[in-house]
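Q: Residue numbers (this note's numbering), protein chains in the order written: chain V, -7 to 202; chain P, -7 to 202. Attaching a single structure in structure tokens format; questions to follow.
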DNA sequence: TGGTGTGAACAACTTCACAGCG
DNA sequence: CGCTGTGAAGTTGTTCACACCA
């Protein structure tokens, strides 16, 4: 019985992790798992897992645990990941190329369908992974045409805001921003920033301080 | 007057962001900034910034704000980022190569000094960015020799745990793990996992669910 | 019996509101 | 006067502990 209390942001993040682990367990033929065992693998508290799940319903069997395959399917559905998503890459540098060819994304239903760059020398060429590179001006046309839902920005910091503006004007609703700069967007558009340097800073702090 | 109350994890993460913004402001010749202005740029609450800073001392001037250059320096010091760090890359695939050549890291004092891989065909060659590739067996020797402090794991999931084990045996204390798998480590070793697929999942959830 | 589902206690983090200082 | 620094209030997220059920 799905309740519609507001779901903590932290819960959403963990569900995505549970899903990955369940997928793995399923592949290895594990059929049933308890919250305690799953917690151990995911590195979280067992009550946490049970509580996370109650936001969306009851999925377990008392005295037994959870059916791996079933729970995997249910979480998938809850997260809206039971369908493929088309991605557009904006900014074809080293990082962009690496992301576009990262197998793990397509394994999870995320497919790059086009790449965009301002550099005329790159436009018209094709990435090793088979994705064509278009000029940024083509966003407006290709976003609807190829049904691109999410833009991945891997431009230099100085070009990131323009890239975001162009993507939004073309109809993009979600952006994953790898450029080391905060970009501002109108209401209704969702941006996630992935700041790798921040991760280093954090690690360094914990390693070398006090 | 630095107090030694425990510092929230969330505060550490934000300090790293403030620092990046302050660095930028300094470059643009801004000399003074109020918590309200800085908050606006960072997308957080002004009181949050002031509170974050109180964990480490008093850095502002009432009625005025903060001296950009000074605050930048102080946060840098607090985070232990006032010195360079040597990184070792383990797993020379597309992602690894992209990270090693990412200018933004070296701009912030993080330098890749060696790369390691199990593939004999890669060993002995040099990356475009000038970093030599060694066999994983060389970790034990080169980690102390090159003073490598942090390992960046970009191997396939199946090789990540072995890579971590080897790095730890060689004396590494901090690991940034890009492989899509949870790795387990002994006490005293710090691991940060960067899970890019999770970021997509999160974005997709917010975009396409209720 | 053993493990889920969950209210209630607890802990962590954020925001408010204002005293106090430059 | 304006903006910092900070106790106190408010909010959000986590863990406990146990009733309940397969």
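Even for Gly, the Cβ is constructed at its ideal location relative to N, Cα and C. In this text the structure is predicted, and so the values were computed from the model without any measurement.
#1: Would you mind listing the alpha helix (DSSP H) stretches within the stretch 83 to 168 of chain P that are 4+ residues and don't spill past its ends, in chain order?
#2: Residues in the same chain with beta-carbon distance under 8 Å from residue 191 of chain P, minus the five sequence neighbours each way, listed in chain order, please.
#3: For residue 183 of chain P, which three-state DSSP category applies?
#4: I'd like to know if residue 186 of chain V contacts chain P, where contact means its C-beta is closer than 8 Å to some C-beta of that chain.
#5: Closer than 7 Å by C-beta to residue 117 of chain V: which residues in its own chain qualify, once you throw out the five before and the five after it? Chain order, please.
#6: Please classify residue 67 of chain V as buried or exposed, where buried requires at least 16 neighbouring CB atoms within 10 angstroms.
#7: Hey, out of V:167, V:138, V:22, V:169, whose CA is closest to residue 60 of chain V's CA?
#8: In three-state DSSP terms, what is residue 201 of chain P?
#9: Three or more beta-carbon pairs under 8 Å between the stretch 144 to 151 of chain V and the stretch 152 to 165 of chain P, yes or no?
#10: I'd like the list of long-range same chain contacts for residue 183 of chain V, defined as Cβ closer than 7 Å, with 5 residues on each side in sequence excluded.
#11: Residues of chain V with CB under 7 Å from residue 72 of chain P, in chain order?
#12: Alpha carbon to alpha carbon, what distance is there between residue 109 of chain V and residue 264 of chain V?
#13: Would you mind reading off the limits of the alpha helix (DSSP H) that contains residue 54 of chain P?
#14: May I ask which residues mark the beginning and end of the alpha helix (DSSP H) holding residue 30 of chain P?
#15: Could you say if the stretch -1 to 8 of chain V and the stretch 30 to 44 of chain V meet the contact criterion of at least three C-beta pairs nearer than 8 Å?
#16: Spell out a yes or no on whether the stretch 42 to 53 of chain P and the stretch 52 to 59 of chain V are touching, meaning 3 or more CB-CB pairs, one atom from each, closer than 8 Å.
#17: With a 10 Å radius around its C-beta and 16 neighbouring C-beta atoms as the bar for buried, classify residue 106 of chain P as buried or exposed.
#18: Residues in the same chain with beta-carbon distance under 8 Å from residue 111 of chain P, minus the five sequence neighbours each way, listed in chain order, please.
#19: For chain P, check one thing: does any of its Cβ atoms lie closer than 8 Å to the Cβ of residue 80 of chain V?
#20: If you reduce the DSSP assignment to three classes, tell me which class residue -7 of chain P lands in.
#21: So, helix, strand or coil for residue 79 of chain V, using DSSP?
A: Let me spell this out:
#1: 86 to 92, 95 to 99, 131 to 137, 149 to 161
#2: none
#3: strand
#4: yes
#5: 125
#6: buried
#7: V:22
#8: coil
#9: no
#10: 167, 169, 175, 177
#11: 196, 197, 200, 201
#12: Outside the shown range of chain V, which is -7 to 202, sits residue 264 of chain V, and nothing can be said about it.
#13: Run containing residue 54 of chain P: none; DSSP gives neither H nor E here.
#14: 27 to 34
#15: yes
#16: no
#17: buried
#18: 84
#19: no
#20: Residue placement at residue -7 of chain P is poorly supported in this model, since its pLDDT is 37, which falls under 50; the coordinates still yield a value, given next. In this structure, residue -7 of chain P counts as coil in the three-state DSSP scheme.
#21: strand
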